[in-house]
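> First, the structure itself, so that you have it in front of you.
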């Protein structure tokens, strides 16, 4: 063996050791990451992550978590270090959806029925007789509400003996949205919808008067049928 090659042996060994060490570090990091462990660089502590899971309709344009932007998807999930976060979902022409969530280790914070509603629903005369008949069909909301345990008075909505929200202006005609994750009601001359946790209130239609009206959700949750001043109307809400 030449002196030159003999002199390079330490360099070769150090290089091989560095490569081996790099492979070990990368492998351990991948295992560490795949098992849900993360480093919080604010305090340099290691945490087991939790998961946020969202099912959104219609497809949003942007999803923000603590103002960090992610692309819009119908199905979205992300591992997060335990803590409090703000989620904001946007789509042009639709009301923003927001929620403050708490992420815990090895737990899933799941929101499977996130709905975005049109800011300015298109309203037209309802002429489809089958939809008019559906609107005028005997009211079965009492049976549905009893089964799903929804209750209300002039200023409050309750589900499963839990207060959903409290109002300063009287409400009436409270009923479940078809997914049983949202609640529809009339307040003054507006028909509104709110998440069953009491957040993300949206106006679905504005009536021409203050009279109590009858309404129903159809079109697989995309349409609102209602009576306004004796006229049958339809609002495209999604």
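In our numbering, the protein residues as written are 2 to 239.
C-beta atoms are modelled at their ideal positions from N, C-alpha and C, and glycine is treated no differently.
Residue 299 and residue 190: beta carbons closer than 7 Å?
The displayed coordinates of the chain run from 2 to 239. Any statement about residue 299 would go beyond what the structure contains.
> When the Cα of residue 150 is compared with those of 181, 133, 122, 166, which residue comes out closest?
181
> Roughly how many angstroms separate the alpha carbons of residue 116 and residue 193, rounded to a whole number?
14 Å
> Going by C-alpha to C-alpha distance, which of 55, 66, 95, 105 sits closest to residue 48?
105
> Helix, strand or coil, according to DSSP, for residue 96 in the structure here?
coil
> Distance, Cα to Cα, residue 236 vs residue 165?
25 Å
> For residue 202, collect the residues of the same chain with a Cβ closer than 7 Å to its Cβ; drop the 5 residues on either side in sequence, then sort them by chain order.
193, 195
> May I have the straight-line CA-CA distance separating residue 123 from residue 56, to the nearest angstrom?
25 Å
> Would you grab the beta carbon distance between residue 118 and residue 205 for me? Rounded to a whole angstrom, and I think it's under 8 Å.
7 Å
> Output the residue ranges of the beta strand (DSSP E) runs that lie fully inside the region 150-234 and measure 3 residues or longer, sorted by chain position.
151-153, 157-160, 163-167, 172-177, 183-188, 191-196, 203-207, 216-219, 224-229
> Taking a contact to mean a Cβ-Cβ separation below 7 Å, would you say residue 76 touches residue 88 in this structure?
no
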